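Structure record follows, encoded as structure tokens.
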Amino acid sequence: GKKQYDREFLLDFQFMPACI
Amino acid sequence: EEKKTKEAAGAHPLPRWALWFSKNDRSRAWRDSLQLITKFDTVEDFWAVYSNIKLASRLSTGCDYALFRDGIEPMWEDSMNKKGGRWLVCLARQQRHTDLDRLWLETLLCLIGENFAEHGPEVCGAVINIRTKRDKIAVWTREAENQEGVLHIGRIYKERLRLSSTAIIGYQAHVDTAVKSSFLPKNKFMV
Numbered sequence: 002g003k004k005q006y007d008r009e010f011l012l013d014f015q016f017m018p019a020c021i
Numbered sequence: 005e006e007k008k009t010k011e012a013a014g015a016h017p018l019p020r021w022a023l024w025f026s027k028n029d030r031s032r033a034w035r036d037s038l039q040l041i042t043k044f045d046t047v048e049d050f051w052a053v054y055s056n057i058k059l060a061s062r063l064s065t066g067c068d069y070a071l072f073r074d075g076i077e078p079m080w081e082d083s084m085n086k087k088g089g090r091w092l093v094c095l096a097r098q099q100r101h102t103d104l105d106r107l108w109l110e111t112l113l114c115l116i117g118e119n120f121a122e123h124g125p126e127v128c129g130a131v132i133n134i135r136t137k138r139d140k141i142a143v144w145t146r147e148a149e150n151q152e153g154v155l156h157i158g159r160i161y162k163e164r165l166r167l168s169s170t171a172i173i174g175y176q177a178h179v180d181t182a183v184k185s186s187f188l189p190k191n192k193f194m195v
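Protein sequences, first through last, are from chains L and R. Heads up: the first sequence at position 10 corresponds to 11 in this note's numbering, and the numbers run straight through without jumps. Heads up: the second sequence at position 101 corresponds to 105 in this note's numbering, and the numbers run straight through without jumps.
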């Protein structure tokens with residue numbers, strides 16, 4: 002199945018500087 | 005290959021999504037104004053895109069954003085959409101400045117987070133319409149006759165939007181919406 006991410010997990014990445 | 009490289013670098017994979025933009029303009033057909041902004045397939049790239057486009061509340065009247073699974077065009081005619089429908093959230097004019105951006109972001113997170121459990125594959129995409137009278141946000145699913153799946157998605161979606169318990173959102177089949185009528189299309193389901 003498709004990978005699930007909860008909203009808090011996703012929001013943690015909002016202001017993270019791009020590392021890739 | 006590119007995706008594998010990103011994952012090896014620690015990026016969090018997503019199925020690929022496509023973000024579209026259109027601007028309603030009486031001088032040309034809607035379809036001609038539809039533009040693919042970009043596609044992304046990691047959580048990190050989603051935020052890179054989101055941070056670099058205008059917030060929905062800053063778009064001008066007539067504009068739309070649409071986020072759809074790669075391979076599905078954001079229109080009724082697409083074979084993945086034509087038997088489907090949408091959960092529709094209509095906003096009062098003043099909500100553009102208080103709720104619109106939050107509700108649209110919540111919608112996007114529900115989609116890319118695949119938060120509809122086993123019914124997730126039913127979700128084709130989501131659309132936001134910026135309009136003079138009322139802005140609209142909708143989640144499109146592929147099979148309007150799949151009552152169990154549609155209702156499951158609607159209940160989770162309403163909860164995630166944190167709409168008041170007295171608020172009601174309706175689901176309309178695209179075949180009913182596509183019929184030009186002076187009346188609003190009928191709700192096939194409500195939650």
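Every residue, glycine too, gets a C-beta built ideally from N, C-alpha and C. Predicted model only: the values in this text are computed from it and were never measured.
- Under the three-state reduction of DSSP, GLY174 (chain R) is assigned to strand.
- The straight-line gap separating the alpha-carbon atoms of THR46 (chain R) and GLU81 (chain R) is approximately 28 Å.
- Counting along the chain, GLY14 (chain R) sits inside no beta strand (DSSP E), nor does DSSP assign it H or E at all.
- For PHE10 (chain L), the secondary structure class from DSSP, reduced to helix, strand or coil, is helix.
- Annotated three-state conformation of GLN98 (chain R) is helix, per DSSP.
- Residue pairing from DSSP places SER26 (chain R) in a beta bridge opposite R:ASP68.
- Nearest to THR136 (chain R) by alpha-carbon distance, out of R:PHE25, R:MET84, R:THR65, R:ARG20, is R:THR65.
- Looking from the CA of LYS87 (chain R), the closest CA among R:VAL154, R:THR102, R:GLY117 belongs to R:VAL154.
- Interface annotation, TYR175 (chain R): not in contact with chain L, CB-CB separation never under 9 Å.
- By the C-beta density criterion, SER26 (chain R) is buried, having at least 16 other C-beta atoms within 10 angstroms.
- Annotation for ILE134 (chain R): no beta strand (DSSP E) segment contains it, and DSSP assigns it neither H nor E.
- Excluding its 5 nearest sequence neighbours in each direction, ARG35 (chain R) has C-beta neighbours in its own chain below 8 Å: MET79, listed in chain order.
- Proximity to LYS4 (chain L) across R:PRO125, R:ILE173, R:LEU71 peaks at R:PRO125, based on C-alpha coordinates.
- With a cutoff of 9 Å on beta-carbon distance, LEU95 (chain R) and ASP103 (chain R) are scored as near each other.
- Residue contact with chain L for ALA121 (chain R): present (Cβ-Cβ distance below 9 Å to some residue of chain L).
- Chain-order list of chain L residues neighbouring ILE116 (chain R): TYR6, LEU11, by C-beta distance under 9 Å.
- The closest CA to that of ALA182 (chain R), considering only R:ARG90, R:HIS123, R:SER169, R:SER31, is found on R:ARG90.
- Using a Cβ-Cβ cut-off of 7 Å, VAL47 (chain R) is close to TYR6, LEU11, PHE14 of chain L, given in chain order.
- Proximity to SER37 (chain R) across R:LEU18, R:LEU107, R:LYS58, R:TYR69 peaks at R:TYR69, based on C-alpha coordinates.
- GLY88 (chain R) carries a coil assignment under DSSP once its states are collapsed to helix, strand and coil.
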